[in-house]
Amino acid sequence: MPVARPESSDSRVIAHVDMDCFYVQVEQRRQPDLRGQPTAVVQYNAWKGGGLIAVGYEARKFGVKRSMRGDEAKSVCPEIQLVTVPVARGKADLSIYRNAGSEVVAILSRKGRCERASIDEVYLDLTEAAEKMLSETPPESVEAINDEVIKSHVLGLSAEPSDVRQTVREWLCQRNADRRDKLLACGAFIVAELRMQVLKETQFTCSAGIAHNKMLAKLASGMNKPAQQTVVPFASVESLLDPLPIRKMKQLGGKLGHSLQDDLGVNTVGDLLQFSEEKLQDRYGINTGTWLWNIARGINGDEVESRVLPKSHGTGKTFPGRNCLKTIDGIERWLSKFSEELAERLEADLEQNKRIAQTLTLHASASKANEAQSQKKFPSKSCPLRYGTNKILEDALNLFQAGLREYLSSSSKAHGNGCSGWGITNLSISASKIVDIPSGTCSIMKYFHSQDQRYPSSKEFDDKEIHESTALSPSVGSESSSRKHLLEPETECSKDGTKMNIVMNIVMQAHLDDKSRMFEEKTQTSFCRESLPSSTSAKKNEPQLDSVGEETVIKDAISGNRSQDQKGKAFKEKQGTSSILQFFQTQNCSSSIQEPKEETVNAIQETAESSCSGKADDTVPLESGGIRNMHHSADQSRVACMYKIDEIDPNVVDELPREIQEEVRAWLRPQKRANNTTKRGSSITHYFSPNKNM
Ligand code: TTP
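Using full-length UniProt numbering, read the sequence shown as starting at 1 and increasing by one per residue.
Here's what the structure looks like:
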């Protein structure tokens, strides 16, 4: 749903930079012989020459379009060079394009806040840089204006073709202009400079839109391509928006756009101007009504987020027509490849960027075997993400099974009889809710990562763990509302919360892994699904969707990775380790560890430091790497373990592996200083007390 945000200021300078025929440029850089030749990049599937996914501008002149297949492109442009996307694991491997996008982002982010919006698009907030230029070297003082700036398209300027350059120069340098337009003129200088730098360092061209908000900048960036930039002066906003087909606007391509057309007769953005805000609110609700009223006037307060790294990692494949997947074995084979790739990318993100992802989402589309199914979408499903190829595979399969059950049951209900046929035409998994690991956590992560993932945790999902994912895009895994504030990185407070979250996660997982290991040794029963052929493991783990009551539960996000020879070494060396386990035993927390049949889930809830958050009830679920349930409910076998960060007993640190004790102590110190009302000397029992008053 669109969110109506008032503009913080209409004197912002926002740029949207979009690479030109991006994959083609990447391929032309790899194979310089292709430069200047009509070129397109085609998908891996060779049917009819493969589907075109990127078309170079030379090929566009011949009428080649992205909607064509290679054979058709050849018929309209016999000289066209078709390059197949690189392939790995039987599917397209986009890493060269992703990495090329990162090169560009690194350059563009030099001048202001930078938001990577997709593999080849970036928003920049250049307000500060433009203000600096305006005060220090305003455009009229620049003696030799670079040609790239003069080539800017300034919307609303009218001039004879022979005078265009002079008219643009005059607009850029006008002394008496509105300050907001002067800032945009400075933005044009800065963006031209950045684009030239991108070309110099990467050999890629890009186009850009420069305006006072994201919406207008994005609209403008595609207006003059390739390798050009377009500025939207204040006075031109209305004429830009007026004729735009309403369905072309972001968020209006779907139902809302249809309703505007069918119910209100609104076909262009200009048509919207005739409706009052109240009328739009009456019809579409307060938020959407205001948002519509705003966009008709070019008002958009969305901030450029500071994000140079991707928001999510996703991988998938389409299986059109007869290639659709019809068996669980087939699904598993592909999920296995996807899991491997996703795990590799998550590892790289952790290693290079110190980030962890928290949500795994599975998306699928099913072919429509009958009328009932044609009305039903295969539901996307999410769950907390566990690291490691096999764990991702296991969880993805469980998500698939859960989605399939729902899909089939609703189809057969609608159909009134059994309906078991299914065929998957599109399958993907993604990792989202990516957060930074707070500084100082890295060595801890390394500690656990240096060891194998030998002991996976719970194999079964619970209804409360598998979330319906409403997001259509793989990049956005949806979360239940009670989890929305999990590991919010924005505030210092939440950073500390995250820090502790991770530490406690590790502590819990390490201990519970230890416990499960003991159990395993005792019973000679292997929980180690990785030791089984993946198909066996996955099938054995078909989810039993038991309910655990109303509380949202969170399973582990960070796997404790431990090698066989090192397993439990650090913990077993420590006599004190057992006290945490004992505590859980006495609290019945670990009762289900003893009973593998009573598979439940882990959830430990942590209360975020209320003094920071300003909300006493700001409970944050702590993702536990454990194996069994720690959840509080009327059922005493599930105990909620609540703690406050500021009440952490420093003694708990003694229970950690020696290698990381110092680091954790350092984290706790500022917490203690920050709150001198903290009760000291509380015991581990007190600290984990399930009955603690939050
Ligand atoms: P776009 O920015 O949509 O297009 P483009 O960069 O190829 O061309 P333009 O100059 O018109 O912006 O997409 C960026 C890349 O994303 C594109 O080069 C290939 C890839 N892509 C796909 O793989 N599939 C798709 O359906 C689309 C639209 C893009």
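Just so you know, even glycine gets a beta-carbon here, dropped at the ideal spot from N, CA and C.
Fair warning: this is a prediction, and the values are worked out from it, not measured in the lab.
Just curious, the alpha helix (DSSP H) that residue i is in, first and last residue?
i	result
MET19	From DSSP, MET19 is part of no alpha helix (DSSP H) but of the beta strand (DSSP E) over 14-19.
ARG179	179-202
LEU350	328-353
ASP263	255-264
THR268	Careful: THR268 lies outside any alpha helix (DSSP H) and carries neither H nor E.
ALA217	214-221
THR167	164-173
LEU108	95-108
LEU240	237-241
GLN229	First-last for GLN229: 229-231, but that is the beta strand (DSSP E), not the alpha helix (DSSP H).
LEU280	277-284
Assuming residue i is part of the beta strand (DSSP E), what are its boundary residues?
i	result
HIS313	313-318
GLY209	206-211
ASP436	424-436
LYS381	380-384
CYS324	Looking at the DSSP string, CYS324 is not in any beta strand (DSSP E), and its letter there is neither H nor E.
THR39	39-42
SER118	113-118
ASP125	121-125
GLN25	Unbroken run through GLN25 is the alpha helix (DSSP H), 22-30; no beta strand (DSSP E).
ALA54	52-55
VAL76	Here VAL76 belongs to no beta strand (DSSP E); instead the alpha helix (DSSP H) covers 70-76.
Cα separation between residue i and residue j?
i	j	result
LEU427	ALA366	9 Å
ALA217	LYS61	26 Å
ASP10	MET133	18 Å
GLU488	ILE286	Low confidence applies to GLU488: its pLDDT is 25, below 50, so where it sits in the model is not reliable, and the reading given next is rough at best. Straight-line Cα distance between these residues: approximately 27 Å.
LEU34	HIS363	36 Å
GLY50	ASP20	21 Å
SER162	GLU143	22 Å
THR205	ILE331	40 Å
residue 707	ALA88	For the chain, the structure presents residues 1 to 694; residue 707 sits outside this window and is missing.
LEU124	HIS212	11 Å
GLN401	PHE338	16 Å
ILE119	SER141	37 Å
GLU136	ALA130	10 Å
TYR407	SER380	10 Å
TRP171	LEU273	29 Å
ASN294	VAL266	15 Å
VAL237	HIS258	24 Å
MET223	LEU350	38 Å
PRO245	LEU260	11 Å
GLY321	LEU157	51 Å
GLN203	ALA100	10 Å
GLN25	TYR57	10 Å
residue 695	GLN358	This structure leaves residue 695 out entirely; the chain is present only between 1 and 694.
ILE429	ARG355	18 Å
ARG12	LEU360	36 Å
LEU280	LEU264	10 Å
ALA270	ILE210	Contrary to the premise, residue 270 reads as Gly rather than Ala in this sequence. Their backbone Cα atoms lie some 21 Å apart in a straight line.
VAL639	CYS383	Because VAL639 carries a pLDDT of 29, less than 50, the predicted location of this residue cannot be relied on, and the following value inherits that uncertainty. Going from the Cα of VAL639 to the Cα of CYS383 covers about 21 Å.
THR127	PRO243	28 Å
GLU115	GLY301	15 Å
VAL122	PRO6	22 Å
LYS515	GLY388	Only weak support is given to the placement of LYS515: the predicted model assigns it a pLDDT of 38, under 50, and the value that follows is read from those uncertain coordinates. Distance between the alpha carbons of LYS515 and GLY388 is about 20 Å.
ARG529	GLY403	Any answer about ARG529 is weak, because its pLDDT of 30 lies below 50 and its placement is not dependable; what the coordinates show is given next. One C-alpha to the other measures close to 22 Å.
Between residue i and ligand 3, is the CB less than 7 Å from at least one heavy atom?
i	result
LEU244	You won't find ligand 3 in this model; what it holds is ligand 1.
Give me the pocket residues for ligand 1, defined as CB within less than 5 Å of any heavy atom, sorted by chain position.
For ligand 1, the selected residues are ASP20, CYS21, PHE22, TYR23, ILE53, ALA54, ASP120.
Three or more C-beta pairs under 8 Å: does that hold for the region 141-156 against the region 224-240?
They touch, by the three-pair rule.
Give a yes or no on contact between the region 321-339 and the region 422-436, applying the rule of three or more CB pairs nearer than 8 Å.
Yes, since at least three Cβ pairs between the region 321-339 and the region 422-436 fall closer than 8 Å, the two stretches touch.
Pairing CB atoms from the region 38-54 with CB atoms from the region 81-97, are three or more of them under 8 Å?
By the criterion of at least three beta-carbon pairs nearer than 8 Å, the region 38-54 is in contact with the region 81-97.
Can you confirm whether the region 23-31 touches the region 309-317 when touching is taken to mean that 3 or more C-beta pairs between the two stretches lie within less than 8 Å?
Put simply, the region 309-317 does not touch the region 23-31. Fewer than three CB pairs are less than 8 Å apart.
Cβ contact (3+ pairs, closer than 8 Å) linking the region 180-198 and the region 108-117:
Three or more beta-carbon pairs separated by less than 8 Å link the region 180-198 to the region 108-117, which places the two stretches in contact.
Does the region 35-42 come within contact of the region 64-76, defined as at least 3 CB pairs closer than 8 Å?
Counting C-beta pairs closer than 8 Å gives three or more between the region 35-42 and the region 64-76, which meets the contact rule.
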